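The structure appears below as structure tokens.
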Amino acid sequence: MESIDLASTTTRDLNARLQSEADGSNAAFEVLHPGGRHALACGLTAPIAVTLRGHVGYYCAGMNQNATVTVHGNAGVGVAENMMSGLVRVMGDASQSAGASGHGGLLVIEGSASARCGISMKGIDIVVKGSVGHNSAFMAQAGHLVICGDAEDGLGDSIYEAVIYVSGETGKLGADCEEQPMTADDRQTLTELLARSGIEADPATFRRYGSARSLYNFKIDNLGSY
Amino acid sequence: MCGIVGLYLKNPSLRPELGALFAPMLTEMSDRGPDSAGIAVYRDAEAAEPKVVVFHPDEAFDWDTVASGLAARVGDAVSIEPVANHAIVSGGASALALRDAIFEAYPDVRVMSVGTALEIYKDVGLPKDVLARFQVGGMGGSHAVGHTRMATESAVSTEGAHPFNTGDDLCLVHNGSLSNHNGLREWLSTHKGIRFQTENDSEVAAAYLTWRLSEGASLSEALEAALVDLDGFYTFAVGTKDGFAVLRDPVACKPAVMAETDDWVAMASEFRALAGLPGIEGATVWEPKPATVYTWGRA
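Note that the protein sequences, when read in sequence, are chains A and B. Numbered according to the working numbering, the first sequence spans residues 876 to 1101. Numbered according to the working numbering, the second sequence spans residues 26 to 324.
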């Protein structure tokens, strides 16, 4: 495993090194002393594995494709924002807007996430072992947000076709977000997401939340767009 | 955007190093606010002598004449120690009386801080230059808060820089903007006799807390009341003579992160400002929750 120490390397050099791996590379990297710096391990495209040992700043693993990025610490604002594919795992807590606008891939937060987790998500799956802050899944368009703990007020405000599963308590739901029946398909999707995340939770304890479809012009013909 | 930082030392043996620990925290927040910077240092909670830190843009300003003039007005010996374009004025029976004498006799001298433990230094320029100008790295004390400013609400000037102090030993730094500050300033000024020195929204927040404390509220109670009466975006770090507090508004769109060990508790807009503190590897690190008052010391 190649080790890169940010005590003696710039963020730009780190990202250039990680981005230089060939498309099929499955090389492994360890990043030391991240020191809360912003935009670490961003724009990766190869299926490499990057382990960051410490707390990271804003937008860590942003725009990720194919890579597996693990943060052994807390993550600042916008971890895995606009992720396309791959796996990002935060061993600690995540700040606001985790997984914002993500199109695909899986974001796992072993601790809790603060406000606006999964804001405007467009297909990403997010699994939070702890709780999430207010206005999570705000305007969420597609994908799944799994919350093993509690959700603060405003969950799913102005939500489109993303689906939320919550095991704990919810505060006041956001506009046009409603509790919906948990189907066999939901249970299977949830069971698979928990298994892929490596997070132990009983799928039977979860409730489903989604859009009441009264705030936007929902047309069943357009369902395939989400 | 602005950057704010705070450091409260729980272990008294670290007090001689306060400035050395604090200065790099503020410098790290330069990207968030390169217009101006300020620091509030609590030197000695046991100190009893009234102390007013003042500012005059002319570094050659004749402070000796001011000292003798003030001595005549307050009827007591007054000493002045210049620090760059600021000066520490001490003496008299009370810091507020000393401040009022300055307001009355020297209207072109700006009052930065009033109290017995608190000293505020602030100026335009990059944070590292402001810190060097006032030799903050060598200062000792029990706690400090600081601010790097990217101005939104009012002009880039020494007076408009944070921290703000409006009464005995209370100071506040603010990241955000308040929307009801004009009405509140008017009310505090008309009905509570609080004197404002700037048009800055954050000075109103400091004045509001000063008023609440003067009515007998604890710092925690004053901040709970602020959640109701202040409208806008804010992350505040607040110092009193022997207390330290952090508060974020209910929407919490302005960032804050905290860290605590047995020796200290620290807050900053971003974690990188805390990354150099001794023992950070083992510290408890968390993001303060919205609309939740966090306090240390007597608060």
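Beta carbons are placed, not taken as given, at the ideal position from N, Cα and C, and that holds for glycine. On a predicted model such as this, the values are computed, not experimentally measured, just so you know.
Chain B within 7 Å of residue i, Cβ atoms only
i               : result
A990 of chain A : yes
H930 of chain A : yes
S970 of chain A : yes
G953 of chain A : no
N890 of chain A : no
N949 of chain A : yes
Alpha carbon of residue i to alpha carbon of residue j, nearest angstrom
i                : j                : result
T265 of chain B  : S245 of chain B  : 11 Å
H978 of chain A  : A891 of chain A  : 23 Å
P1077 of chain A : I984 of chain A  : For the record, residue 1077 of chain A in the displayed sequence is Asp; it is not Pro. Approximately 17 Å between the Cα atoms of the pair.
R1083 of chain A : R297 of chain B  : 38 Å
G31 of chain B   : I1095 of chain A : 53 Å
G967 of chain A  : Y33 of chain B   : 24 Å
A1017 of chain A : K997 of chain A  : 5 Å
Y1040 of chain A : V1021 of chain A : 5 Å
A122 of chain B  : H111 of chain B  : 19 Å
G218 of chain B  : L302 of chain B  : 41 Å
M283 of chain B  : A293 of chain B  : 7 Å
V1038 of chain A : F189 of chain B  : 46 Å
V198 of chain B  : D226 of chain B  : 11 Å
T223 of chain B  : C935 of chain A  : 40 Å
H168 of chain B  : I145 of chain B  : 12 Å
L43 of chain B   : F269 of chain B  : 15 Å
G28 of chain B   : Y259 of chain B  : 12 Å
L893 of chain A  : G171 of chain B  : 36 Å
E74 of chain B   : L95 of chain B   : 15 Å
T173 of chain B  : P1056 of chain A : 50 Å
H1009 of chain A : K153 of chain B  : 36 Å
F80 of chain B   : A300 of chain B  : 33 Å
V318 of chain B  : V276 of chain B  : 14 Å
G937 of chain A  : A250 of chain B  : 39 Å
A126 of chain B  : A916 of chain A  : 58 Å
Cβ of residue i within 7 Å of any chain A Cβ
i               : result
E312 of chain B : yes
A122 of chain B : no
R220 of chain B : no
Buried or exposed by the 16-neighbour rule on C-beta atoms within 10 Å, applied to residue i
i                : result
S38 of chain B   : exposed
H332 of chain B  : Since the displayed chain B opens at 26 and closes at 324, residue 332 of chain B lies outside it and no answer follows.
D148 of chain B  : buried
L927 of chain A  : buried
Q971 of chain A  : buried
Y1091 of chain A : exposed
S93 of chain B   : exposed
E312 of chain B  : buried
M876 of chain A  : exposed
T90 of chain B   : exposed
S138 of chain B  : buried
N36 of chain B   : exposed
E295 of chain B  : buried
A897 of chain A  : exposed
S1089 of chain A : exposed
A1059 of chain A : exposed
S989 of chain A  : buried
V181 of chain B  : exposed
D194 of chain B  : buried
Simplified DSSP assignment, three categories, for residue i
i                : result
N190 of chain B  : strand
H216 of chain B  : helix
S1100 of chain A : helix
S38 of chain B   : helix
V276 of chain B  : coil
S1131 of chain A : Past the boundaries of the shown model lies residue 1131 of chain A; chain A is included only from 876 to 1101, so the question cannot be answered.
L123 of chain B  : helix
S1072 of chain A : helix
H172 of chain B  : strand
H206 of chain B  : helix
Y1091 of chain A : coil
T309 of chain B  : strand
A230 of chain B  : helix
Q940 of chain A  : coil
N200 of chain B  : strand
A1026 of chain A : strand
Q971 of chain A  : coil
V181 of chain B  : coil
Partners in chain B for residue i, counting only beta-carbon separations shorter than 9 Å
i                : result
L1009 of chain A : According to the sequence displayed, residue 1009 of chain A carries His and not Leu. The answer, in chain order, is P275, V276, A277, P315.
Interface residues of chain B facing residue i [CB-CB closer than 8 Å]
i               : result
R912 of chain A : R297
7 Å Cβ cut-off: residues of chain A touching residue i
i               : result
A300 of chain B : G910, G911
Amino acids of chain A, ordered along the chain, whose beta-carbon sits closer than 9 Å to that of residue i
i               : result
P280 of chain B : Y933, G951, V952, S970, Q971
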